[in-house]
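Peer 1: Dropping a structure here in structure tokens format, bear with me for questions.
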Amino acid sequence: MNPRLHAVRLGLRRGLIEFRHQMTSTQDVFFTVMTTASFVVVLYLQRDATLPGTDLPLAAATLPGMLGMLVPVTSMVGAVGMLSVEREDGTLLRAKAMPQGMVGYLVSRVTSLSLSTVVSVIVMIVAGLFLVDGLTGTGAGGWLTVAWLTLLGLLSSLPLGAIVGSLAANPQAAAGLSMLTVGGLTAVSGIFYPISALAGWMQGVAQIFPLYWLGLGMRSALLPDGAAAAEIGGSWRPVETTLVLVAWAVVGLLAAPPILRRMARRESGSAMQTRRDRAMQRIG
Numbered sequence: 005m006n007p008r009l010h011a012v013r014l015g016l017r018r019g020l021i022e023f024r025h026q027m028t029s030t031q032d033v034f035f036t037v038m039t040t041a042s043f044v045v046v047l048y049l050q051r052d053a054t055l056p057g058t059d060l061p062l063a064a065a066t067l068p069g070m071l072g073m074l075v076p077v078t079s080m081v082g083a084v085g086m087l088s089v090e091r092e093d094g095t096l097l098r099a100k101a102m103p104q105g106m107v108g109y110l111v112s113r114v115t116s117l118s119l120s121t122v123v124s125v126i127v128m129i130v131a132g133l134f135l136v137d138g139l140t141g142t143g144a145g146g147w148l149t150v151a152w153l154t155l156l157g158l159l160s161s162l163p164l165g166a167i168v169g170s171l172a173a174n175p176q177a178a179a180g181l182s183m184l185t186v187g188g189l190t191a192v193s194g195i196f197y198p199i200s201a202l203a204g205w206m207q208g209v210a211q212i213f214p215l216y217w218l219g220l221g222m223r224s225a226l227l228p229d230g231a232a233a234a235e236i237g238g239s240w241r242p243v244e245t246t247l248v249l250v251a252w253a254v255v256g257l258l259a260a261p262p263i264l265r266r267m268a269r270r271e272s273g274s275a276m277q278t279r280r281d282r283a284m285q286r287i288g
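Okay, here's the thing in structure tokens:
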């Protein structure tokens, strides 16, 4: 059997096992529930309000933005945190010591994080079906759009999370760097408000990154066609959405492996012990 293919299969199996463990871990389930519940509470509070000047329920306008943000936040922040912690506790070093160990390691992490993100998206959609008027009328085409946008969002966010996680010196720095990245992108993405309200140059910056296009795509799937009037050019721009997300996915998938390999080459027992000593000094 091809060693790389064997490592991929082992990685998939390990990712499924880790996901099952997450679903039975009180701490992991609590974190997922609390993160998703915060979004659900917002929908609940907006259930009787309408978007000013329209008959569109405010919750219906908010839900696509939440889904668009949930995918990169859950996957990217999860990848950053997991990679930085496992550099420090020796997991990455053990994977590096095994034949094709890094391949299996990356496949397992992608599998477990993807499944966790999909579960969060499903929970969010189920809550939306109860709290958002008209969502039950979304056709098969709309739900297929949500599905492929979730897939593209994962492909464009997970490699970015791996890159950010490999650059962070410790878990604390990784957490700060990931939240700063997500917060900055959210602020200029128009994910929760019409991007036309921003200055022209900020609109240009927002359209460089995948978060804006994820929000736009989710709105195109779940909102009526007339809502496109509030978008740039008065259109959902499905072709541009697909091209930008695919481009980010390709760039990330090409850039992440060599960066991770470079990081893995620098891993050693002495380097791990040095990080542990520094961590103990911070605690002490």
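Counting from 5, one number per residue, gives the positions in the sequence shown under my numbering.
Even glycine gets a Cβ: it sits at the ideal position worked out from N, Cα and C.
#1: So what does P61 bridge to, in DSSP terms?
#2: Specify the secondary structure class of A172 as computed by DSSP and reduced to three states.
#3: Drop a sphere of 10 angstroms on the beta-carbon of R265, count the other beta-carbons inside from all chains shown, and report buried for 16 or more, exposed for fewer.
#4: Reducing DSSP to helix, strand and coil, say where L133 ends up.
#5: Quick one: is T28 buried, meaning 16 or more other Cβ sit within 10 Å of its Cβ, or exposed?
#6: Please list, in chain order, all residues of the same chain as T149 whose beta carbon is under 6 Å from its beta carbon, the five residues on each side excluded.
#7: What is the rounded straight-line gap between the Cα of T185 and the Cα of V192?
#8: Any contact between the segment 11-30 and the segment 118-125? By contact I mean 3 or more CB pairs, one from each, below 8 Å.
#9: Do G165 and A83 have their C-beta atoms within less than 7 Å of each other?
#10: Hey, out of L16, L14, S112, L153, whose CA is closest to G69's CA?
#11: Grab the span of the alpha helix (DSSP H) containing W293 for me, first residue to last.
#12: May I ask you to verify whether the segment 8-20 touches the segment 110-118, counting CB pairs closer than 8 Å and requiring at least 3?
#13: Take G19 as the anchor and find which of N6, L159, V107 has the nearest alpha-carbon.
#14: What would DSSP say about F35, mapped onto helix, strand or coil?
#15: Are S79 and L117 closer than 7 Å when you measure CB to CB?
#16: Alpha carbon to alpha carbon, how far is A210 from G204? Give it in angstroms, no decimals.
#17: Would you call L62 buried or exposed, if buried means 16 or more other Cβ atoms sit within 10 Å of its Cβ?
#18: Just how far apart, CA to CA, sit E92 and A201?
#19: Under 7 Å, do T245 and W217 count as touching if we go by C-beta distance?
#20: Do A259 and S160 come within 7 Å of each other at the CB atom, strictly closer than that value?
#21: I think V37 touches A131, with their Cβ atoms under 8 Å apart; what is that distance to the nearest whole Å?
#22: Take V136 and list the residues in its own chain whose beta-carbon comes closer than 7 Å to its own, dropping the five residues that flank it on each side.
#23: With distance defined between alpha-carbon atoms, name the residue in I236, G85, G219 nearest to Q207.
#24: Taking all protein chains shown into account, decide if Q31 is buried (16 or more other Cβ within 10 angstroms of its Cβ) or exposed.
#25: Just curious, the alpha helix (DSSP H) that L7 is in, first and last residue?
#26: Just to confirm my understanding: we take R8, look at its own chain, exclude 5 residues before and 5 after, and list those with CB closer than 8 Å. What are they?
#27: I need the DSSP call for L227, collapsed to helix, strand or coil.
#28: Jot down the residue ranges of each uninterrupted beta strand (DSSP E) in the segment 70-95, minimum 3 residues, whole runs only, in chain order.
#29: Check whether the Cβ atoms of E90 and L97 lie closer than 7 Å to each other.
#30: For I195 and G219, which I take to be in contact (beta-carbon distance under 8 Å), what is that distance rounded to the nearest angstrom?
Peer 2: Per the coordinate set shown:
#1: T54
#2: coil
#3: exposed
#4: Of the three classes helix, strand and coil, the one that applies to L133 here is helix, per DSSP.
#5: Taking a 10 Å sphere around the C-beta of T28, we find fewer than 16 other C-beta atoms and assign the residue as exposed.
#6: A225
#7: 11 Å
#8: yes
#9: yes
#10: L153
#11: Since the first and last residues shown for the chain are 5 and 288, residue 293 lies out of range.
#12: yes
#13: V107
#14: helix
#15: yes
#16: One C-alpha to the other measures close to 10 Å.
#17: Of the residues assessed, L62 falls on the buried side of the cut-off, its CB having 16 or more other CB atoms within 10 angstroms.
#18: 43 Å
#19: yes
#20: no
#21: About 12 Å; that fails the 8 Å criterion.
#22: L47, P61, A63, A64, L67
#23: I236
#24: exposed
#25: The question names Leu, yet the displayed sequence has Pro at residue 7. Taken as a continuous stretch (DSSP letters only), the alpha helix (DSSP H) holding P7 covers 7-28.
#26: Q104, V107
#27: coil
#28: none
#29: no
#30: 4 Å
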